[in-house]
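See structure below.
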Amino acid sequence: MRISAVVLIASLVAAACGGTTVSGKLTLFLAASLTDSFNALSAEFTKQNPGLTVTPNYAGSGALVTQIVSGADADIFASADEANMQKLVDAKLNGSDPKVFANNRLQIAVQAGNPKKITQLADLARSDVIVVIGAPSVPIGTYAQQAFDKAGIKVTPKSLETDVKQVVAKVALGEADAGIVYSTDVKAGGAKIQGVDIPDPLNVIAKYPIALVKGTKNEMAAKAFIDFVVSARGREILSSFGFILP
Amino acid sequence: MRRARPDAATAVLVTLAIGGAAFFVLPLFALIVRAPWSTAIGELSAPGVAGALRLSLVCSIAAAALSALLGVPLAWVYARVPFPGKTVVRALTTLPMVLPPVVGGIALLVAFGRRGVFGEALDAVGVRLPFTTAAVIVAETFVAMPFLVISVEAAFRSMDRRYEDAARTLGASRGHVLRTVTLPLVAPALGAGLVLAWARALGEFGATITFAGNFPGTTQTMPLAAYLALETNIDTAVLLGLALLAVSLVVLIALRDRFLSLA
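Here the protein sequences come in this chain order: W and Z. Counted the way our numbering counts, the first sequence spans residues -13 to 232. Counted the way our numbering counts, the second sequence spans residues 16 to 278.
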């Protein structure tokens, strides 16, 4: 029943596109926190378009936009914040208006079993808790600082990591006791970590905009991919990875 | 025709050599061209920069010293003491020269990290490496020491052992021979090895960011600062790169005549 619904939607999408499929190559520059969800989105999109090869490049949003501005060949850019997308727009390198396709919440990542009994943001200010967050240049670092400010606490992190997946890794390895990450990363992080919720008034909602990169060599496929991300099926996939839909 | 031949060969060699030199000079030239000189002083006097430079110098010098302390005896054993499995041990200790530094960092983390294979024992006695300046030195030594070992080992192998034999025959003790004959003979190679190890340590990125993390003042060395600056402001990244370049160039030129040419 579920499968037939997917097939139905897929064929409707195909029909909406005039029944044609896209082909060629697509290079996606994607925020590190999109790793698992966009691997799934790409897999399904290439299944619908067998002639298409999708190459995702996951890194911190800041590094990605710098690479694009310096001339990297990207077809699509998706950022974990609006500030880095704005840098693309400021450089006049966006090929379409940025569209927010997903939202994310922050969570405290701790080791499985929560050995340090961390229940709230204020615990991260404890001297016996080793905290790791993102660098100020990556969205998750800025968001983490905003959350600390909202909670009115002063946290001294031991390391400022280059992207959110590095924060997850340091907690999963047991080097850090806690890190501020997106809730989707906790979900994708496996059995070694678990999440501690941050209540709404202290939380920060991350907005994920996506846009074509100007000068894309495969505009048709790039447009079709973005359409797929914001389609009903795309939203279903994103939601299954824990994203909040706009 | 016969006379023209060596000229043609020379021309080809010189052309390729110019290409080879240009390959290194052009990117460095581009750094200088792109550097925002008008704002350079402001950018470079930003709080984090001096700290990163100081940390880079302290850690790379410490790593070179540690490499000499452990590496010279290791090179001596490789050159002089036969033991079973030497080929394998030697290969393992020179592996960091070809290993991606990030892999080295992961290996250090799973060995000496807080939950690492040996790290738990260290933690029990209160030694915690990750996220400390000591971890930076460990990571840099890990990637830099093989360069020193290889340089010094070659010198131990190629030196004329008759000098040592003569000194021994004349009644000098082993320690005395080591101090007055052997070490002076390998000194040029040790100097070259120290410079190579130091330079490698100064540029270390992958093992450091993986094992030691990134925090201004404790573990953020110049390469890390430059990489992170790239995510926000490419001008700062270019300037940090130039500053590191200038320091390395001055040291390499100053030391070149003393050590490198003798090796």
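Cβ coordinates follow ideal geometry from the N, Cα and C atoms, glycine included. Computed from a prediction, not measured in an experiment: that's the story for all the values here.
Proximal residues of chain W, C-beta to C-beta of residue i below 9 Å
i: residue 234(Z); result: 144 and 145
Cross-chain neighbours of residue i in chain Z, by beta carbon under 8 Å
i: residue 160(W); result: 128, 129 and 130
i: residue 121(W); result: 229, 243 and 246
i: residue 148(W); result: 224, 229, 242, 243 and 246
Residues that residue i contacts on chain Z, provided the C-beta gap is smaller than 7 Å
i: residue 99(W); result: Result: empty, since nearest Cβ-Cβ is about 13 Å, beyond 7 Å.
i: residue 124(W); result: 246
Closest by C-alpha distance to residue i, when choosing among the options
i: residue 81(Z); options: 42(Z), 164(Z) and 239(Z); result: 164(Z)
i: residue 181(W); options: 70(W), 81(W), 217(W) and 169(W); result: 169(W)
i: residue 79(Z); options: 220(Z), 23(Z) and 152(Z); result: 152(Z)
i: residue 90(Z); options: 109(Z), 257(Z), 124(Z) and 114(Z); result: 109(Z)
i: residue 177(W); options: 73(W), 100(W) and 152(W); result: 100(W)
i: residue 78(W); options: 159(W), 67(W), 9(W) and 54(W); result: 54(W)
i: residue 195(W); options: 9(W), 29(W), 125(W) and 144(W); result: 125(W)
i: residue 149(W); options: 67(W), 232(W), 6(W) and 9(W); result: 67(W)
i: residue 268(Z); options: 247(Z), 245(Z) and 210(Z); result: 210(Z)
i: residue 98(W); options: 204(W), 160(W) and 140(W); result: 160(W)
i: residue 6(W); options: 15(W), 28(W) and 36(W); result: 36(W)
i: residue 185(W); options: 94(W), 89(W), 20(W) and 28(W); result: 94(W)
i: residue 105(Z); options: 121(Z), 123(Z), 160(Z) and 186(Z); result: 160(Z)
i: residue 177(Z); options: 35(Z), 166(Z), 192(Z) and 169(Z); result: 192(Z)
i: residue 203(Z); options: 123(Z), 174(Z), 69(Z) and 96(Z); result: 174(Z)
i: residue 9(W); options: 224(W), 38(W) and 91(W); result: 38(W)
i: residue 113(W); options: 102(W), 119(W), 123(W) and 122(W); result: 102(W)
Between the CA atoms of residue j and residue i - distance to the nearest angstrom
i: residue 250(Z); j: residue 39(Z); result: 21 Å
i: residue 85(W); j: residue 44(W); result: 19 Å
i: residue 83(W); j: residue 75(W); result: 9 Å
i: residue 211(W); j: residue 23(W); result: 14 Å
i: residue 31(W); j: residue 259(Z); result: 45 Å
i: residue 87(W); j: residue 165(W); result: 25 Å
i: residue 217(Z); j: residue 238(Z); result: 8 Å
i: residue 277(Z); j: residue 127(W); result: For residue 277(Z), the pLDDT reaches just 47, beneath the cut-off of 50, and the residue's location in the model is therefore unreliable, leaving the point undetermined.
i: residue 228(Z); j: residue 221(Z); result: 10 Å
i: residue 12(Z); j: residue 171(W); result: Residue numbering for chain Z in the displayed model covers 16 to 278; residue 12(Z) lies beyond these limits and cannot be assessed.
i: residue 60(Z); j: residue 157(Z); result: 31 Å
i: residue 256(Z); j: residue 241(Z); result: 6 Å
i: residue 220(W); j: residue 28(Z); result: 58 Å
i: residue 263(Z); j: residue 146(Z); result: 26 Å
i: residue 154(Z); j: residue 119(Z); result: 8 Å
i: residue 58(W); j: residue 35(Z); result: 26 Å
i: residue 216(W); j: residue 45(Z); result: 42 Å
i: residue 116(W); j: residue 143(W); result: 7 Å
i: residue 14(W); j: residue 21(W); result: 11 Å
i: residue 26(W); j: residue 223(W); result: 7 Å
i: residue 202(W); j: residue 47(W); result: 19 Å
i: residue 231(W); j: residue 128(Z); result: 38 Å
i: residue 117(Z); j: residue 125(Z); result: 12 Å
i: residue 64(W); j: residue 187(W); result: 27 Å
i: residue 189(Z); j: residue 181(Z); result: 12 Å
i: residue 1(W); j: residue 111(W); result: A caution first: residue 1(W) carries a pLDDT of 45, below 50, which makes its placement in the model unreliable, though a value can still be read off. The alpha-carbon atoms of residue 1(W) and residue 111(W) are separated by roughly 55 Å.
i: residue 213(Z); j: residue 136(W); result: 45 Å
i: residue 121(W); j: residue 92(Z); result: 44 Å
i: residue 186(Z); j: residue 172(Z); result: 23 Å
One or two residues paired with residue i in a DSSP bridge
i: residue 72(W); result: Residue 72(W) is not bridged to any residue.
i: residue 179(Z); result: Paired residues: none, contrary to the question.
i: residue 217(W); result: According to DSSP, residue 217(W) bridges with nothing at all.
i: residue 234(W); result: Look at the range of chain W in this structure, -13 to 232, and you will see that residue 234(W) is not part of it.
i: residue 13(W); result: 41(W)
i: residue 194(W); result: 88(W)
i: residue 164(W); result: 96(W) and 117(W)
i: residue 199(W); result: 80(W)
i: residue 219(Z); result: DSSP, once it has assigned bridges, lists no residue as partnering residue 219(Z).
The ligand GTP heavy atom lying under 6 Å from the CB of residue i
i: residue 111(W); result: Here there are no bound small molecules, and the ligand GTP is not part of this structure.
> At a Cβ cut of 7 Å, what residues of the region 115 to 146 of chain Z count as close to chain W, listed as they run along the chain?
Replying inline: Result list: 124, 128, 129, 130, 145 and 146.
> Name the residues in the region 247 to 264 of chain Z whose C-beta lies less than 8 Å from a C-beta of chain W; which are they?
Replying inline: Contact residues of the region 247 to 264 of chain Z toward chain W are 247 and 249 (C-beta to C-beta distance below 8 Å).
> If you measure beta-carbon to beta-carbon, which residues of the region 41 to 55 of chain W are closer than 7 Å to chain Z?
Replying inline: For chain Z, the residues of the region 41 to 55 of chain W that bring a beta carbon within less than 7 Å of one of its beta carbons are 46, 48, 49 and 52, in chain order.
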